[in-house]
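The opening position of the sequence shown corresponds to residue 1 in the UniProt record's numbering, with each subsequent residue numbered one higher.
C-beta atoms are modelled at their ideal positions from N, C-alpha and C, and glycine is treated no differently.
Computed from a prediction, not measured in an experiment: that's the story for all the values here.
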Amino acid sequence: MITKQIITKCVSTRALFNNVLMTTSRYNYSTESSSSPNNNNESLITSSQSKEEIKKRNREIIERIIRVDHAGEFGASRIYDGQLAVLEDTKVGPLIKEMADQEKEHQRKFDQLLYQHRVRPTALSPIWDVAGFGLGYVSALMGKEAAMAVTVAVETVISDHYNDQLRQLHDNNIDDQELKEVVKKFRDDEMEHMHIGIEHDAELAPLYKPLSEMVKVGTKAAIWLSTRVKWIIV
Numbered sequence: 001m002i003t004k005q006i007i008t009k010c011v012s013t014r015a016l017f018n019n020v021l022m023t024t025s026r027y028n029y030s031t032e033s034s035s036s037p038n039n040n041n042e043s044l045i046t047s048s049q050s051k052e053e054i055k056k057r058n059r060e061i062i063e064r065i066i067r068v069d070h071a072g073e074f075g076a077s078r079i080y081d082g083q084l085a086v087l088e089d090t091k092v093g094p095l096i097k098e099m100a101d102q103e104k105e106h107q108r109k110f111d112q113l114l115y116q117h118r119v120r121p122t123a124l125s126p127i128w129d130v131a132g133f134g135l136g137y138v139s140a141l142m143g144k145e146a147a148m149a150v151t152v153a154v155e156t157v158i159s160d161h162y163n164d165q166l167r168q169l170h171d172n173n174i175d176d177q178e179l180k181e182v183v184k185k186f187r188d189d190e191m192e193h194m195h196i197g198i199e200h201d202a203e204l205a206p207l208y209k210p211l212s213e214m215v216k217v218g219t220k221a222a223i224w225l226s227t228r229v230k231w232i233i234v
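Okay, here's the thing in structure tokens:
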């Protein structure tokens, strides 16, 4: 009799324990089911925000590249115009004219990219117009060696800047193949101009080192400003 009572109590206890487990499992499932949509929605929102932030960042990078490169090619073109005003009828005249034409071709391409990407040009273009021509003109008055020294200094900075832009496009996974190809080609053109300047006695210019450093500092400052100053329509 006692054994029978013990067995009955054990069965009852086990049944009660099973009921508790089933109730707990149903509660957990209900809780997970009710919270799952919210978690999914939060993940979707976070993912969407992340994509928008990346898209905005990449857009800003592309805008800065196009804006500063447009300004740089315009300034370089004006430097060669200033040099041609003095040296056009000399032996190096045709060579400078060839480089000037190439810079104008670069500028036309960036004119196109400004329109294509709806990028505002820098507000400093009028300054680069005068400063570029003045630098080219004064350097040419100092002799063809000084003119070539300016070419080497400017093109060295611009070539390095183009390399920095290519790394930036790569590091941010920006898949704008046209822009990459343009930057690569123009970098190679600027490096060719740099080598032409060296081959035509740039390093024989009076005060070559201080002149070169001064032009490099000025070019870097122009790049920094042109990257950040937009055209503001009042």
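Glutamate 145 vs leucine 95 beta-carbon contact at 9 Å: Taking 9 Å as the Cβ cut-off, glutamate 145 and leucine 95 do not qualify as a contacting pair.
Phenylalanine 110 and histidine 70 closer than 9 Å at C-beta: Phenylalanine 110 places its beta carbon less than 9 Å from that of histidine 70.
Where threonine 122 falls: helix, strand or coil (DSSP): Strand at threonine 122.
Test item: CB-CB of glycine 72 and isoleucine 223 under 9 Å: Yes, the pair counts as a contact, with Cβ atoms nearer than the cut-off.
The region 153–171 contacting the region 115–127, beta-carbon criterion three pairs below 8 Å: No, because fewer than three Cβ pairs between the region 153–171 and the region 115–127 fall closer than 8 Å, the two stretches do not touch.
Start and end residues, alpha helix (DSSP H) containing glutamate 98: Taken as a continuous stretch (DSSP letters only), the alpha helix (DSSP H) holding glutamate 98 covers 93–117.
Nearest residue (CA-CA) to arginine 59, options Gly132, Leu179, Ala202: Minimum Cα-Cα distance from arginine 59 among the listed residues Gly132, Leu179, Ala202 corresponds to Leu179.
Exposure of glutamine 134, with buried meaning 16 or more beta-carbon neighbours within 10 Å: This sequence places glycine at residue 134; glutamine is not what is there. Burial call: exposed.
Proximity winner among Met99, Ser50, Gly75, relative to residue 241 (alpha-carbon distances): Beyond the ends of the chain as shown, which are 1 and 234, falls residue 241; an answer cannot be given.
Aspartate 189 versus lysine 209: straight-line alpha-carbon distance, rounded: Their backbone Cα atoms lie some 24 Å apart in a straight line.
CB-CB length for valine 183 against glutamine 165, believed under 8 Å: That pair is a contact at about 5 Å.
Residue range of the unbroken alpha helix (DSSP H) whose run includes leucine 169: Boundaries of the alpha helix (DSSP H) around leucine 169: 144–171.
Inter-residue spacing [alpha-carbon to alpha-carbon] between leucine 225 and lysine 91: Straight-line spacing of the CA atoms in leucine 225 and lysine 91 works out to 36 Å.
Chain-order list of residues whose beta-carbon lies under 6 Å from that of valine 153 (same chain, five-residue window excluded): For the sequence presented, residue 153 should be read as alanine rather than valine. So the qualifying residues of the chain are Ser212, Val215, Lys216.
Rounded C-alpha distance that separates residue 238 from asparagine 163: Here the chain comprises residues numbered 1 to 234, so residue 238 is not present and cannot be evaluated.
Burial state of tyrosine 29 (16 or more Cβ within 10 Å): Residue placement at tyrosine 29 cannot be trusted, given a pLDDT of 48 that sits under 50; what the coordinates show is reported in the next sentence. Exposed.
Separation of isoleucine 54 from threonine 24, as counted between CA atoms: Model confidence at threonine 24 stands at a pLDDT of 49, short of 50, so the residue's coordinates are unreliable; what they give is reported in the following sentence. Looking at the two C-alpha atoms, the distance is approximately 44 Å.
Reduced DSSP secondary structure (H/G/I, E/B, other) of alanine 205: In the three-state reduction of the DSSP assignment, alanine 205 falls in the coil class, being assigned neither a helical nor a strand state.
Neighbour-count burial assignment, glutamate 105, 16 or more Cβ in a 10 Å radius: Glutamate 105 counts as exposed, since fewer than 16 other C-beta atoms from the protein chains shown sit within 10 angstroms of its C-beta.
Distance between serine 50 and arginine 78 (C-alpha atoms, nearest Å): Between arginine 78 and serine 50, the C-alpha separation is close to 42 Å.
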